[in-house]
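Worksheet for the structure shown next.
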Amino acid sequence: MRAVQSYQAAESRSRRADVVVIGAGIVGLASAYELASRKLKVYVLEGGEPGIGQSTRNWGFVRQQGRAVEELPIMIEANGMWQELPGRLGADLEWVQGGNLRLTDQPERADDYLRWIETARALGLDSRVVTADEVARIVPGFTGQFALAIFTPSDGQANPGKVIGSYLRAFESEGGEVYTGSPAREVVTAGGRVVGVRTHDGFIASSSVVVAAGTGSGALLRKLGCQVPVHFVSQTVALTEPVPRLTDACVWTGQVGFRQTANGQVLLSSGGRGEVVLDTASLGSLLSLRQLRQAVPMYWKNREYLQIRPRAVLSTVGSTRRSSYLDGEVRYDDVEGALATMAAYFPGRQWRPISAWAGTIDGTPDALPILDVVGPGGGVIVATGMSGHGFGIAPAVGRIVADLVTAGHSHHDLWPFRLRRFVEGAANPPQHLL
Ligand SMILES: Cc1cc2nc3c(=O)[nH]c(=O)nc-3n(C[C@H](O)[C@H](O)[C@H](O)COP(=O)(O)OP(=O)(O)OC[C@H]3O[C@@H](n4cnc5c(N)ncnc54)[C@H](O)[C@@H]3O)c2cc1C
384 MRAVQSYQAA ESRSRRADVV VIGAGIVGLA SAYELASRKL KVYVLEGGEP
434 GIGQSTRNWG FVRQQGRAVE ELPIMIEANG MWQELPGRLG ADLEWVQGGN
484 LRLTDQPERA DDYLRWIETA RALGLDSRVV TADEVARIVP GFTGQFALAI
534 FTPSDGQANP GKVIGSYLRA FESEGGEVYT GSPAREVVTA GGRVVGVRTH
584 DGFIASSSVV VAAGTGSGAL LRKLGCQVPV HFVSQTVALT EPVPRLTDAC
634 VWTGQVGFRQ TANGQVLLSS GGRGEVVLDT ASLGSLLSLR QLRQAVPMYW
684 KNREYLQIRP RAVLSTVGST RRSSYLDGEV RYDDVEGALA TMAAYFPGRQ
734 WRPISAWAGT IDGTPDALPI LDVVGPGGGV IVATGMSGHG FGIAPAVGRI
784 VADLVTAGHS HHDLWPFRLR RFVEGAANPP QHLL
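Structure representation (structure tokens):
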């Protein structure tokens, strides 16, 4: 009763929204934009700056290729939305539908790729095995060796910074408001329902709250009694000086991932290699036997790409930091490795790095997102744990979130993405191709 009274007192002094979205990454902004387009009053709370988490640090690949079968219908819808997004947002997003090329020199991986192609084709995707001649046409001058190559022509890429800025402007022009430097402290419930969000400087009343806070979602959801077994993986990205036209495709070879930007620069990542972050915030979300049991098979399957480096463990011993959006540590050895691989692939070309950064991915044990409605009265919509896929899939996730808020359901089957799968022990090791 006291909680209801203090909420009522706070509410009389507070701002009021139809929906509060926590997190101005691409998932939060896409959701906020879809909601505001439906004429709802929407506030976005962002602890830092829009896109400061993963959403401006990523590679900008918009790929269906390699996604798990559960996720593919949503990703296929997202791909269709990307084609219309520059028009909808009224902005140049540097969207290029140049396809996604994936190579492997490992016969056991090649079998996985072939199995995945069959699944994708059954869903109507244009993915196919390509010959060495086709690879030479897609990436002229590439000399790397490979056992198998697959290509999805309908995949694309976009500029993450431009996408974030454009979603933000489009949301604001629909009447939405973004509060930056304004972390949400807590989703407040009273009388068996969600009543709003407590921020560092007040309260926003709302019966609907979207938690899209990336690596910060777990801490918010734990306060509502929901365990979110998300682990953090840090990845380093480098950008080179512009080079003559290389390719319109996004390419991933197992040793290096790259795409060329509109102005000719090349974005590089060391084979998608990630460093498992073992700090207090990350460990805090895994410290139950059940959650560790779910996470270990994921690490094992992807051990080639995921590394637990002693330095990462030692650097956090004694740390009490529980950061919600960690800046990953830039691995300059990864940058050097990626540049050396590119030099070997493209003899005679020069690769001069001009910047490097790291970002921290929020991964679930099955590498599938969490898309669910939780909390008392179903007032909390969760869209988090994008597991390294969130840039490409975000437009469709935004639409799903808006459908959940306005209609209470989505036309997609969201059962595989429910939060309870982890406590039910129903989460399987990842089925997608890394
Ligand atoms: C190096 C790297 C490469 C990647 N490459 C790709 C790619 O090529 N293609 C692809 O599809 N995906 C890629 N990803 C993944 C993709 O970037 C993410 O899945 C996606 O950006 C997640 O978006 P988000 O909005 O859920 O999270 P974020 O972008 O992390 O946004 C969450 C936001 O919430 C804010 N926040 C946190 N806690 C609070 C709080 N309490 N109150 C208010 N705000 C809060 C944070 O400040 C942050 O801005 C990559 C990721 C990384 C790191």
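Offset between the sequence shown (1-based) and my numbering: plus 383. The beta-carbon is built from N, C-alpha and C at its ideal position, and this holds for glycine as well.
Nearest to residue i (by Cα), restricted to the options the options
| i | options | result |
| --- | --- | --- |
| Ala602 | Gly768, Val639 and Pro627 | Gly768 |
| Leu423 | Gly449, Thr619, Asp786 and Trp465 | Asp786 |
| Arg485 | Ser589, Gln638 and Pro627 | Gln638 |
| Ile521 | Ala779, Pro536, Thr572 and Phe529 | Pro536 |
| Gly481 | Asp494, Asp538 and Trp442 | Asp538 |
| Leu797 | Arg446, Ile405, Val452 and Gly408 | Val452 |
| Ala645 | Gly720, Pro543, Arg735 and Glu569 | Pro543 |
| Gly758 | Phe641, Glu569 and Pro627 | Glu569 |
| Gly559 | Leu551, Ser565 and Pro566 | Leu551 |
| Gln437 | His772, Pro748, Ala567 and Gly760 | His772 |
| Asp516 | Val613, Thr526, Gly608 and Ser510 | Thr526 |
| Val513 | Thr487, Gly507, Glu491 and Ile409 | Thr487 |
| Ala532 | Glu417, Glu557, Arg782 and Arg492 | Arg492 |
Inter-residue spacing [alpha-carbon to alpha-carbon] between residue i and residue j
| i | j | result |
| --- | --- | --- |
| Ala723 | Ala461 | 34 angstroms |
| Ile776 | Tyr562 | 24 angstroms |
| Ala393 | Ser793 | Only weak support exists for where Ala393 lies, its pLDDT of 49 falling under 50; the coordinates are left without a value. |
| Ser706 | Leu468 | Annotation note: pLDDT 39 at Ser706 (below 50); position unreliable, coordinate value reported separately. Their Cα atoms are separated by approximately 33 angstroms. |
| Phe800 | Pro752 | 6 angstroms |
| Ala503 | Met458 | 11 angstroms |
| Glu477 | Ala573 | 45 angstroms |
| Arg576 | Ala588 | 12 angstroms |
| Pro778 | Ile764 | 16 angstroms |
| Ser420 | Asn441 | 26 angstroms |
| Asp755 | Arg605 | 15 angstroms |
| Ala413 | Asp584 | 25 angstroms |
| Asp475 | Asp745 | 28 angstroms |
| Gly599 | Arg471 | 29 angstroms |
| Arg694 | Glu712 | Residue confidence is low: Arg694 scores 46 on pLDDT, short of 50, so the model does not pin down where it sits. Its coordinate-derived value is still stated next. So the two alpha carbons sit approximately 11 angstroms from each other. |
| Asp495 | Gly640 | 19 angstroms |
Beta-ladder partner(s) of residue i, from DSSP
| i | result |
| --- | --- |
| Tyr861 | It is not possible to answer for residue 861, since the shown part of the chain is limited to 384 through 817. |
| Gly579 | Val571 and Ala588 |
| Asp755 | Val765 |
| Ala532 | Leu486 |
| Gly640 | Trp635 and Ser652 |
| Gln540 | Phe444 and Val479 |
| Val594 | Ile405 and Val765 |
Terminal residues of the alpha helix (DSSP H) in which residue i lies
| i | result |
| --- | --- |
| Gly544 | Pro543 to Ser556 |
| Pro778 | Gly773 to Thr789 |
| Leu722 | Tyr715 to Tyr728 |
8 angstroms contact criterion, which residue i and residue j should meet: CB distance rounded
| i | j | result |
| --- | --- | --- |
| Val402 | Ser591 | 4 angstroms |
| Thr623 | Val718 | About 10 angstroms; that fails the 8 angstroms criterion. |
| Ser652 | Ala721 | 7 angstroms |
| Gly434 | Ala407 | 7 angstroms |
| Val580 | Ala596 | Contact doesn't hold; Cβ gap of about 11 angstroms is too wide. |
Limits of the beta strand (DSSP E) - the one that residue i falls within
| i | result |
| --- | --- |
| Trp635 | Cys633 to Trp635 |
| Arg446 | Taken as a continuous stretch (DSSP letters only), Arg446 belongs to no beta strand (DSSP E), as it is neither H nor E. |
| Val402 | Val402 to Ile405 |
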